[in-house]
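Written below as structure tokens is the structure these notes are about.
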Ligand SMILES: [Mn+2]
């Protein structure tokens, strides 16, 4: 098995400010109208489907080749996974050996690279820390593969909710557009996926002493009991403990909490971390959510650690990525490593292909009846922007 070299250099974090503030009532109304319309255009999809027909192995074979699943299959998969997740507590308890994966953001070929270097399921246990969709070009392939793997190996794959597993955020950062572009305006796949996101768990505890979450701590969460009582089966709220868990960031300059510049969640300091670890009898916090140039970042003598798994983020940041391999934490608390890797050559190739050939590729998905298919609505861009320019740079909001 090929292993990427381990880097021991301290990682430098680029401060990416993403805001939830550009959500507008007009955008919301537009989405709701679309949803409403879809109720009347999807009559061909059987309401009662035969669950026995679902062939997970066939799905896996197609997805590993980068092929999309049909919408009825996506509907069945989401239904099946909801059935499974509804029984889960807000926090799942897991055991090492296990490999933690940070943000993927639709970089499907880099997810395949993760399996190449970290081992394919079910040979390796994985805990994914959220942010599967948005920004990259292959959010649908990414989340579809993770859903099928979770259904096929429920005890070996675990998926935590990130701040992008949300209707509001996916509407603005690419996933909604990708669903419409690849499945057509009449499709319901965005609703199917985002409804499923409401069922994802909020945190995991590995070996009773490693707390794993997408973002970080909350002033409303001193002990894990306050996480267990959250009603998580809903859209991520703007504030409160559920929002903070998926939005917050550590800040080495801070002692306590400060309102986050992201527009949701908090930045938290060492006193908060010490108190949380002590009260809950935890050793460390593992989280994702922040781009790290070296693929990971260690805070406060490793009490808090960021795992970032999207190399060359958005196909242009030039950063490394990592997965955290925890070997046998119970016997030896130090038997772990950040396995650092670069972008997959396939990811780069795919980016160049889409960039250079964008018109012909995306025209395949265009639908003349589709109000989103005319280019000008491809993303929420200012009036007067050139349609082709919009298509070539759909994800620039991230730099705001
Ligand atoms: Mn995030």
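In the working numbering, the protein residues as written are 8 to 407. All C-beta atoms in this analysis are idealised placements derived from N, C-alpha and C, irrespective of residue type, glycine included. All figures in this text were calculated on a predicted structure; none of them were measured in a lab.
Asked, Found
"Residue 221 and residue 138 closer than 8 Å at C-beta", "yes"
"Residue ranges of each alpha helix (DSSP H) within the region 253 to 311, 4 or longer", "277 to 287"
"Contact the region 318 to 335 vs the region 245 to 258: 3+ CB pairs below 8 Å", "no"
"Simplified DSSP assignment, three categories, for residue 139", "coil"
"DSSP-derived helix/strand/coil call for residue 228", "coil"
"Reference residue 75; option with closest CA among 93, 150, 125 and 110", "150"
"Residue 166 versus residue 225 - alpha carbon distance", "21 Å"
"For residue 338 and residue 175, the rounded distance between their alpha carbons", "43 Å"
"Beta carbon of residue 223 nearer than 8 Å to that of residue 168", "no"
"Through-space distance from residue 255 to residue 12, alpha-carbon basis", "For residue 12, the predicted model reports a pLDDT of 41, less than 50, meaning its position is unreliable and no value from the coordinates is stated."
"Residue 326 beta carbon near ligand 1 (any heavy atom closer than 7 Å)", "no"
"Under the three-state DSSP convention, the category residue 363 falls into", "helix"
"Residue 170, buried or exposed, once every other Cβ within 10 Å from all chains shown has been counted against 16", "buried"
"Cβ shell of residue 240 (< 8 Å), same chain only, five flanking positions each side left out", "93, 205 and 206"
"Sequence-ordered residues whose beta carbon comes within less than 5 Å of a heavy atom of ligand 1", "138, 169, 170 and 296"
"Presumed contact (8 Å Cβ cut-off) between residue 315 and residue 143, rounded CB distance", "The Cβ separation is near 14 Å, so there is no contact."
"Pairwise C-alpha distance: residue 89 and residue 194", "20 Å"
"Best match in 133, 341, 302 and 199 for proximity to residue 327 [C-alpha to C-alpha]", "302"
"Contiguous beta strand (DSSP E) assignments of at least 3 residues, all confined to the region 160 to 246", "164 to 166, 210 to 213 and 217 to 220"
"Residue 145 versus residue 114: straight-line alpha-carbon distance, rounded", "6 Å"
"Under 8 Å between C-beta atoms of residue 212 and residue 98", "yes"
"Per-residue burial, residue 232 [other beta carbons within 10 Å of its own, 16 or more giving buried]", "exposed"
"Check whether residue 310 and residue 284 have beta carbons under 8 Å apart", "yes"
"Minimum C-alpha distance to residue 214 - residue among 289, 185, 276 and 136", "289"
"Contact check, residue 136 vs residue 107, beta carbons under 8 Å", "yes"
"Exposure of residue 259, with buried meaning 16 or more beta-carbon neighbours within 10 Å", "exposed"
"Residue 266 burial status per 10 Å Cβ neighbour count (16 or more: buried)", "exposed"
"Whole-Å CB distance - residue 200 paired with residue 85, under 8 Å assumed", "7 Å"
"Whether residue 132 touches residue 105 by CB criterion (8 Å)", "yes"
"Minimum C-alpha distance to residue 230 - residue among 286, 77 and 157", "286"
"For residue 90, three-class secondary structure by DSSP", "helix"
"Integer-rounded CB distance, given that residue 118 should sit under 8 Å from residue 124", "Rounded, the Cβ-Cβ distance is 11 Å, inconsistent with contact."
"Nearest-angstrom Cα separation, counted from residue 161 out to residue 96", "14 Å"
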